[in-house]
Structures are given as structure tokens and as C-alpha cells.
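Here the structure is laid out as C-alpha cells; the discussion comes afterwards.
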Amino acid sequence: MSVLPVLLRKEFLQIFRNKAILMISVAMPVLQFIVLPMAVNYEFKNINLAVVDHDRSDLSRRLIDRITGSGYFRLVDHAASYAQAYALIESDEADIILQVPSGFEQRLVREGMEEVFVAVNAINGMKAGVGSAYLTSIIAGYNRSVVEDLMPGAAPAGIAVTSSGLFNPERNYKISLLPSILAIMITIVGGMLSALNIVKEKETGTIEQINVTPIRKRDFILAKSIPFWILANVVFTIGLLVIYLFYGVVPQGSLLLLYGFVGVYLLAVMGFGLLVSTYCTSQQQAMFVNFFFIMIFIFMGGLFTSLNSMPVWAQYVARFNPLTHVNEVMQLVTLKESTLRDILPNLLAVAAMAVVLNVWAVLNYRKTS
Amino acid sequence: MATQGKKKRSAHLSHLLSFVRKEFRHMLRDRKTLLILFGMPVVQVLLFGFVLSNEVKETRIIVVDQAKDAVSQALIEKIEASSYFTVLTDSLPPTGITDAFRSGRIKAALVLPVDLQRDLLHDGRNTVQILTDATDINLAQTIEGYLTAIITDFSLADGMAAPYVIAPETRMLYNPELRGAPNFVPGVMAMVLLLVCVMMTAVAIVREKETGTMEVLLVSPMRPVMVILAKAIPYLILSFINLLAILLLSTTALDLPIKGCLPLLLAESTLFITTCLTLGILISIVTASQQTAMFIALIGLLLPTMMLSGFMFPIENMPMALQALAYATPSRWYYVIVKDIMIKGAGISALWQETAVLAGMTLLLFALCLKMFNIRLDER
Amino acid sequence: MELAIEATDLSKWYGKEKTLAVDHVSLAVKPGELFGLIGPDGAGKTSIFRMLTTLLLPNTGTARVNGFDVVKDYVEIRDRVGYMPGRFSLYQDLTVEENLSFFATVFNTTIEENHHLIKDIYVQLEPFKKRYAGKLSGGMKQKLALCCALIHRPEVLFLDEPTTGVDPVSRKDFWEMLARLKEHGITILVATPYMDEATRCDRIALIQEGRILQVDTPAAITAAYPDRLFQVKGGSMSATLRALNKLDGIIRCYGSGEFAHVAVPATATDMEQRIKDHLLAQGLTDVVVRPAIPTIEDVFIKFTQEKKA
Amino acid sequence: MSTTATPHSIVAEGLTKRFGDFVAVDAVSFHVNKGEIFGFLGANGAGKTTAIRMLCGLSIPTSGKGTVAGFDVYTQTERIKRNIGYMSQKFSLYEDLSVTENIEFFAGIYGLSRDRIRTKREELIAKLGLVQEADKLVGALPLGWKQKLAFSVAVFHQPQIVFLDEPTGGVDPVTRRQFWDLIYEAADVGITVFVTTHYLDEAEYCDRVSIMVDGRIAALDTPTELKKQFGTGTMDSVFYELARGAKRGGA
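Residue numbers (the working numbering), protein chains in the order written: chain V, 34 to 402; chain D, 893 to 1272; chain R, 311 to 619; chain B, 999 to 1249.
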């Protein structure tokens, strides 16, 4: 009998015997994955708006009605002055102030041009950006209707812009984010399990017993990663099912391709965990080191803020982040129906990481001191 | 009786001091862990402060210029002149655009119609089309906003504008350049502090259970409350130093002002750190092995805090049940506090609610710790 | 006089299957006594210790330590006893000195206050006082643990297998220390799997599978050994035992160091000669057979084999 | 399996291990004959564990020469491991695996065929009287049974040498004797037994005994010879005589 199956059998027996860890590493992520995606929604429905209408004209009232009627804004107050409205922003009651100057209607009709003033609480960058964009587009729409009213029959001039979003035309955040959040989940689970496992044998002392046997380092490391690889794949599969059943998201591209890539990706993640494991002497150390890197992987992986927005050096660094690749591939395959050819660069990068990390882990694991 | 009471109190104090000293020694002797504990929050806050942002700059777009006339040339030049976009010059037939998107080479495409200039001259109007990669919806929206603004600006300046223009003038309060740091630093700070603090104490008591020293401590006059306090204090001090380092770096390296009152910020942070440490201790008390404690602390908390703290996804958009969950996340409250003090310069009067919630959580967790603390070895 | 430790009908079981670890045990230890619980690993010694030190709640029975009930008055007991658990449970990453001063403060005292109690032991530890406890040898670790358990001058001292894994020389040192502690009037309850240590106790309880087999002074226990015992030698041990097994009229035989021990009924006569003849007849040379004085180990083996039979 | 023709299972010549300034094992020389039961005694901290770790290929010596089962302790550690068995007082078996699973695991590691494992496993379980307990977790077994099982597992693949590190600590007197019966059995089929113990009556059961003091071998001979040398009747006194002079109590 060759040695690897024997080692594997032992690992599996131990994993399934430790029900607590199994529950925490499979059931907890799945449960989180059922609940947490409800949080994934950037679409702002209730942006709090404070209005300072110095004009109190027909046109200004219609503008305000149009804004509040859009469904995006909630009028919190008609403030008498900008200072009053500003106070609302300070107390977090309002997110945006719209100020209409006195003489708005007059000047618009007479001079054909008038400005309104918008002040946005930019602490929450996302809300600020989205809110001011909504507001601008509503004002533009209103503008067109004003033109039609004032110059009936005349077509609005200038360059009009139409826009459409490819691959996700309904701009459904869940479709675009859930697969990647699933990737984060399996990264945490796989990385943690593999990082803690060898250290645990070190702490309990059983590693000594292994080290006096002729087990090859390669076999030992493999036996330590394969079970968790399978476990992480199980979590991944359950996750895909959850996305489908609870959120109706179906990957557009090939599932086979997705699994193939995730398989290689997990090898890289586990290689990393095992490498950490060979360097650390206590579970606590292993966990902290692993956590440190996982956090960096997550935040620099381009999911929550686009890689595009990062400094150039960070974009280069991000190429060495396995999560960057898995995020890209998740979106490529699930939304863009990409083929192997499209994801090949990502696949090669992750495969290279898997090889380097695992070989490094094998080399760094010492049976003899 | 009075002197006896006094003696007892001083005994408790010296218990505590000696226990705290012991905990410090454990902490200082495990150099690797100490290095990570100190380095991790600082490096992460700094790194994420530099790296994370929602700015759009030098985004690669393709202009499919079917017009190739003076107007289209002028428009392209205008787009190129902005720092937001880099226009890829190799033109593509419209069919190839999807492939360009798929390969990730471009994030947006602008399609200019054949008769751009002619229609403008004739009818005074024309329509151009923006295509964006909506896999990253936020980026797509921002790109659309910027491009539309540039084009509108272009048509205004060109004198082709319609009459009766209402031009909104927008000012971004508190963070005029919409930099990433003011957005992300408070959030990352809340999240990293929470996770690090919880993880530090999550193993603290369960480790003594595993090594057997808990047995000796139990058979001693040491009271549970002392054990809990003694476990928390060293990490409180460590975390406070961490906090100072984070604040120092974010004001110097990240140029983030602290508009409000620094002592207030420090006090609120100490409160938050205490909440997290107590949560960690609770985990430590109810678990039987370090491994379980760590898994609960990390797998159990990482994603929920990340997603529910409010700095990633707006809480007001969530369904009620999830909002309730978010309100139970300490980092959600601290995130608001940090943001308001650092960036808005708010005072305690604006923050008393958040403060009260955190204080309440801490007391509740502490009471739970005392209640759950097992004074014997029996399984419950 | 009030008893230092008084346990009545103590039982403890674990798990869903209610595996009985301690089976209706009663014990009485007088103040100032050095009392030994002698039995192998798994006999239930640790569970008894944990119930007496208030760490576990008994499933049946009651126990009092210095008059305090182990369930109700656990706070008082914890103020008054010293406890050294089975496995090494000091802080491995603290130095010898740091461990000691930590435990002193925990028990509201200082190293100086009770220095006279620990000084014999501490002298040996002093050269290593800056060394981490984790880097001490087994013997030294146990001495340090004893110091830590003694530092507050406990009224009752509980030592759970203090000498397991310790070399014979250190074990001897350790017991000499216990003898000296007794002079300070401290009641000591000690558990050990080493039968040879039993003779150093005032009284012992032999314990196996959660039950107490016998309680008395070591001398009385060995004196009550019902059989006649011989020590036998003749070439190799395995050959001797093989030959002895073929002989009728012996109750049991087993190796015991250099010699094999042979127990025969007390009523049997001329066994000495019979054994000798038998061994010679089996072709063994240099045969030695002579009466032996039973030890606690012989008593223990008798109990174990009777139970099996 | 053995590739050389040395008559000795273990040869150590000036074997030394230093940790910084500290000489844990100081130029130790000895040899162990094939099929011998060799007692390796010494006080805590005398350097026994370090010496065993070098012989088992867990630790590379600082200087000196050594072969185990004919293989070099510097360059052929993995081949040594193929030819030895090892059991320590703690951690010899996985407590969260059952009796059968432990046997299958350790036998499998040494590459025994599945059929062979199955038949030998049944034999072993029957011999140890563990038929009822075959599917129980090892952690739930009494220590004495655990140790007997651990020893049987350590010699399951018929190694040339088996290293036993304090195998009988805390085990009851009857089981301790049964354990030694297993050792004799192994020695009878030619397995060299290298054993450390703190029970000095067990030293009497060894063919030869070495006593280590402060990293050196202070005495090495048959128990009878040693007692004669020191003019006493028990190994106890021999050991006490040698070990009490040790300077390195705390190491």
C-alpha cells in the first residue's frame, strides 16, 4: 500500500471526529453566506436631503418635487438657511444639501442659465458619489423638461449621452459580488485550516512520532492539504448552491472552468497556510500571521475598491495576491462567460503561486533538526 | 472588620498587579506574536489608507470613433486631457468591444456615431453611447458620471448648449477631493482593532485550560473577576499603544486630520477596545480548546464585521433583520465615532448614543463573562 | 480531633455512558498525616484529588477538608489548601523566580514570609532561578511545582503524582522533602503510581479502578500479606518463569527485579525445597530460592490478579 | 534490508550534540548488539532524550560518528527511520483514532501491504485481548493497554531496532510485567530493544545497561557486573551512586 492514502485516511478520520471544528469550518461559513449577502447593496434608496429654497418659485418647487419624487431621496427638512441645513449634516440627519438661490426662476428664464448649489457629506465616499450622481442626473432630466416647457417643440441641443452597463445590465450587486465573497470565504476556511493543522501536531507532540517514520515530506504535506482542499471545495459548492437558491444568481460561464480554477487557487491558498504552519511554533502565531495576510489579500484583491483606483505600485503588488486573480476569474466566468483562453493568465499566475508556496512549504518542513 | 476589608481589597489589588505582570511577561516573551500584534494593525491601516480609494484615474477606455471628424477629435482630446481617463488609441470594430472588456483591457468604451458633426450642425443635437463594464458596478457608475460630465462640459463650452441650463455646482464637504483615506481609515481601524483584540483574548483563558495552569489558579484565592481583568489589562495597554501608532501614522503619513478632540477619541477608543477584549474573553471562557476559540474568533467574526460595520455596505439598505445584526456589531458604533470625531470634529454631545451603546455592550459582555466563568472543571 | 480530610461515599462518573471513575470512596486523613493514594494511572486518583480540591463536584457522597464542605465552602478551601496537579502546570515561559513570586502573590503572601518552608527545596532551585520553567529537567520542574504549592503555607497539601516521569534520585530527594514538611504540621495527601514510594507514607490507600482496596500503614498492609513469598533465581528470568509456571501448588509468580517472586499458600510446607528441585529438574543452574519479605508491589499484584481470577 | 555487515545494531563513537555553549551529549561511545535488550538509564537532564533523538534521525549530531542499523546518522537519517520503531511515554498513538485505525495507519506508513496488515492486525488485537475495544478511540483506553498497543505498533513492521522512551511510566505492576513479556518476545525474534526507564527493577531485565550522567556514559555493563563493580546488591544503589554526583540537575 502506498503511503499517501494511509496518511489521507488518518487526516479524514481526525477531521470528521472533531465535530466542533468541522461545524465551525463548514456550517458557520455556510450560515454566514446565507445571511450576509443581504447586506450587499450599494443602491441608495433613502438619501437624506435638506433643501434650502431661497427662491420659493414655481420652478424651484417643481425641481424639488421632482427630486423627492424620484424615490432616491428623502426630504428631511426645508431649512431656512444654509447654516441650518449644514447643522443637519453635522448631526448626520442629512446627507446632501440642495440650495436654490433667490432669483433662480427669474435668472433662468432671463439669462438662460442658472446654478444651484449642492453640498454633499463626503465622509462616506460611496454615498457621496452615488448621491451626487443621482442628483445631477435628476436635475439634468428636469432641465430637459424645463426646456420643453419654455420652448415647446424645440429639441434639446448638444450631445446627449446614453449609457449601458455590459455583462450586468441590471446592475445587480449580488451577481457581481457574491461569487467573490464566496471566494473570500473559502480563502479564510482553507487558509486557516491548513495553517493550524501542522502547528497543532507540533503543539501536541505527535509530529515527533511522524518524524521518526520514513514518511516523505512531500507525502506528509500533501496529506495535510488534500482533505482541506476537498473541504473547501465542499464549502464552495454549498456556497454556489446558496447563491443560486437564495439569490437566484447563476454563473453564466462554464462551471467546469470555475471549479478548475478554484481547485488550483485553493492549492495556492493551502500552500500559503502550510508555509505559515511550518514557520510557526504555536497555533496562536499561525493564526495571527495567517490573519494578517488574509486581510491584506482581501482588501487588496480589488473587490471592495477597484484595483483601478489604487496607486500603480499597489496594482503591481496586487498581481501577487491570489485573491486578485480569483476575483477577476469569478467575474470573468460568472458574468462574462469567459473561456479558458481569457482566464489563462490568471490561471498561470495562481498555478505558479501554488507551486512556489507548496514547494517552499515542503522544503521548509524539517523532519530533522 | 474594616481593616480586614481593607486587607482584602489590597490583596485583590496585588493579585491583580501580579497577574497583570505575568500576562505581560507571556506577551513579551513570545516575540513573533508580539511583532505581529504590533505590526499588523499599523501596517494594515497604513497600507489600506494608501491603497484603498474610490477615485477614478487613468482608467483605460476605448473611443470607437466612427465619425472621425473635427468634433470627435476635439472631444477625444478633451477626454484625454482629463486625469481620469487614458484613451487607448487602437480603434476596434464594435464587435470586438466585448472581447476587449472580457480580457479586462478596458473598463469603458465611448461610441461616437458616424454623423456626429453633421447632426450637431443640422439638428443641434446628437447622441453618443457609453458602454461600461458593469461587473464592477460602482466603478461603472463613477466612470459614467465622469464621462457624462466631460461631454456635457464639452458641449457647453462649444456653444452648442441649449438655453435654460440649470448647472448644479457640487461641493464635497469634509473630504473635498474624495480621497480614500478619510473613508477607509476609520472603517479599517474599527475592523482591525476589533479582530485583533478579540483574537488576542480569545486564546488567553482557554490556553490556561489547555496547559493545566487553570487548575492551579482555580484552587487559589484568585477570584474569576480578577482573572478576567488581569487577562484584559495587558492587551488593553498593548492595543492602546497600537492605537496611538495608528493615529500617529494616519495623521502624518496619510495626512488625515483629527478635527475633533483627541482625548475624546482616545477615550472612546479605549471603550471600544475594552468591548472587544471582553468579547474575546467571553469566547475564551465558553470554548474548550484554543483551536475552537480561534476559529470562532476569525471565521465567525471576519466576514460579518467586514460586511456589517457600515463602511463597506450601507446599513440603511439592509433588510431589518440584518440591520439588527449590524447594530449588534461593536465596530459599527465605533466606526461612526471615529469618523465623526476625526473628520467632522464632532464632540461628545453628538456621540453620546454611540458611546452609551458601546458601554452597554461592554457591561453586558462582562456580566456574561462572570456568569459563564466556570469555577470548576465539570463540563456544563 | 477533627479530621483534615474526610470523604464519605464519594463517586464521580463522566460522560453519557456514566463511566465510573470513582466508586463510592470513603477516606479519613488525620491532621499532620502523610497519606498516600497508591494506584496506577487511571485508578481514579486524579478525580478524587479534584473533588477534594473543589475542582469537580461529586456525583454522590460528601467530603470535608479541614472541616469545610467541598461543595458549599469551596472558597474557604481554596484559601487554605495547596495543590500540585498531575501534569506540569506552571508557566513554562516564566522563570523559576517569576513563577514562585506569582503564586506567592496569588495566595496573598511573599516568598520571604514562608521562606523557611521552602528553603530546602529552593536552595536547589536557586542556581536556576533565571531559567524558564519550561527548560528545567523533570525533577527540577516538580520541585518548583512543590515550592509553588507550598508558598502560602497551606494547611493541607494535595500532590497528584508529583514524581511521575522523575528519575529515582530526584524522587528520593522529593520524598525527603515531604518528610521534612510533615514536621511543620502540614497534612499531605499524595498520589503515586510508584509502589516503592508507599513505604514513605504514614498511611496508604491502595486504589484500583475507582475503588479503595485497603487502607492502613504500609507495614500493616505488607504484614497482612496472606501468602508465603519466595525470591527465586536460576539463569534467565524468562526461563525461570517458564519453569515455575509448570509447578503445581504455587499461587502466582512474576519477575521482580533480579529475582522472580513466587507466592505459595501460607499453609504449604517444604515449598522452598520443592521449588528448588523443580527448577533443577527443569535444567536450570545456579538456582537460588529463599524467603522474601512482601512489598506493597507484591500486595498490589495479589489484588490485581485476584480480581482478574 | 541491511546493507552492511556490522555485527552491531547501533554504533556510537564520540557522538556529541551541542546547543550553543551547552553540551547536551558529550562524546558518547557505545555499541548495541543485534537482538540485545539495552537499558539506557540516566537522571532527568542527563542527555538521554537528546541521544535518542540523534539515533532516531530526528537530530543531526554536532560531531562524532554513529550508525543505526548500519546507516549513518548524518547522511542516511531517512533510511534509519525505515528500519526502526519508536515509542515514547506520551504521544505514541493518535488518541482520536481507534485501535484498528492506529494500527492501520502506522503499518501503512511503513508500506506494508493491505492484506498483510489485515491478517496481522487481527492477530495482534486478539493477542492483546483488545477484541472488544478494537473500534474504541485510543484516548479512552487505560494507560497500560495504550502502552502495550503502542509497543506492538512500534514493532508491527518488524524493524531492526525499537527505541522505547520511558514506556512504562505510571503503568500498574501487572501490566508493566506484561509489557516486558512483549519486549522479550520482540527480542526473541531478533529485534534490538533500546529502552529507557525510571524503574530500576526493569534495569535488571535488560541484557546490558548504560547509565548516563551529565551527558557522558558513566557506566555500561550487564546488571550483574555493574552491581559487582559497585559492590552493592541492587541496581538502585548503583544508579544512586552514579547519579547523585551529577552537576546538571536543571538542564
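For glycine and all other residues, C-beta sits at the position ideal for the given N, C-alpha and C. Quick caveat, the model's predicted, so the values are computed rather than measured.
- The C-beta of glutamate 423 of chain R has fewer than 16 other C-beta atoms within 10 Å across all chains shown, which makes the residue exposed.
- For a Cβ distance threshold of 8 Å, nothing in chain D lies close to alanine 394 of chain V: the least Cβ distance comes to about 18 Å.
- Taking one beta carbon from each stretch, the stretch 254-263 of chain V and the stretch 329-336 of chain V have fewer than 3 pairs nearer than 8 Å; the two do not touch.
- DSSP, read as helix, strand or coil, puts aspartate 389 of chain R in helix.
- Using a Cβ distance threshold of 8 Å, serine 1176 of chain D and valine 1098 of chain D count as a contacting pair.
- Distances from the CA of valine 295 of chain V to each of V/Val59, V/Asn360 and V/Leu340 were compared; the closest alpha carbon is that of V/Asn360.
- Linking cysteine 1089 of chain D to alanine 1242 of chain D through their CA atoms gives a straight-line distance of about 26 Å.
- Here cysteine 1204 of chain B carries a coil assignment [DSSP, helix/strand/coil].
- The three-state secondary structure of isoleucine 514 of chain R, taken from DSSP, is strand.
- With contacts defined as CB atoms closer than 8 Å, glutamate 1202 of chain B and proline 1171 of chain B fail to qualify as a contacting pair.
- Using a Cβ-Cβ cut-off of 8 Å, tyrosine 564 of chain R counts as an interface residue toward chain B, since at least one Cβ of chain B sits closer than that to its own.
- Buried is the label assigned to lysine 1231 of chain D, since at least 16 other Cβ atoms lie within 10 Å of its Cβ.
- Secondary structure at leucine 1126 of chain B: coil, using DSSP grouped into helix, strand and coil.
- Looking at the DSSP output, tyrosine 324 of chain R shares a beta bridge with R/Thr329.
- Residue environment for phenylalanine 940 of chain D: buried (at least 16 other C-beta atoms within 10 angstroms of its C-beta).
- Taking a C-beta cut-off of 8 Å against chain V, the contacting residues of the stretch 1229-1254 of chain D are Lys1231, Asp1232, Ile1235, Lys1236, Ala1238 and Ala1242, listed in chain order.
- Against chain B, the CB of threonine 474 of chain R has a partner CB under 8 Å away; the residue lies at that interface.
- Annotated three-state conformation of serine 58 of chain V is helix, per DSSP.
- For valine 542 of chain R, the closest of R/Lys612, R/Phe417 and R/Gly565 by C-alpha to C-alpha distance is R/Gly565.
- Membership of methionine 146 of chain V in the beta strand (DSSP E) is indicated by the continuous run 146-154.
- For the options R/Ala508, R/Leu491 and R/Leu400, the alpha carbon positioned closest to that of histidine 425 of chain R is the one of R/Leu491.
- Under the three-pair Cβ rule at 8 Å, the stretch 425-445 of chain R does not count as touching the stretch 1132-1146 of chain D.
- Counting only the Cα atoms, leucine 1128 of chain D lies some 15 Å from methionine 1118 of chain D.
- Sequence-distant Cβ neighbours of phenylalanine 1104 of chain B in its own chain, meaning closer than 7 Å and more than five residues away, are Val1151 and Phe1154.
- With respect to chain V, the C-beta atom of tyrosine 1066 of chain D has a partner C-beta closer than 8 Å.
- In the structure shown, valine 85 of chain V adopts extended strand secondary structure according to DSSP, grouped into three states.
- One Cα belongs to valine 963 of chain D, the other to tryptophan 393 of chain V, and the distance between them is close to 58 Å.
- Close partners of alanine 1241 of chain B in chain R (Cβ separation under 8 Å): Asp477, Pro478 and Val479.
- Residues of the stretch 1022-1035 of chain D with a Cβ closer than 7 Å to any Cβ of chain V, in chain order: Ile1022, Leu1023, Thr1024, Asp1025, Ala1026, Thr1027, Asp1028, Ile1029, Asn1030, Leu1031, Ala1032, Gln1033 and Thr1034.
- For glutamate 234 of chain V, the uninterrupted alpha helix (DSSP H) run begins and ends at 206-237, by DSSP.
- The secondary-structure analysis by DSSP pairs phenylalanine 1069 of chain B across a beta bridge with B/Val1066.
- Under the three-state reduction of DSSP output, leucine 367 of chain R falls in the coil class, being neither helix nor strand.
- At the C-beta level, phenylalanine 1038 of chain B and valine 1193 of chain B come within 8 Å of one another.
- Residue contact check for phenylalanine 1038 of chain B against chain R: no CB pair falls below 8 Å.
- With respect to proline 134 of chain V, aspartate 98 of chain V sits apart: the two C-beta atoms are not nearer than 8 Å.
- By the neighbour-count criterion, in which 16 or more other beta carbons inside 10 Å mark a residue as buried, proline 1196 of chain D falls on the buried side.
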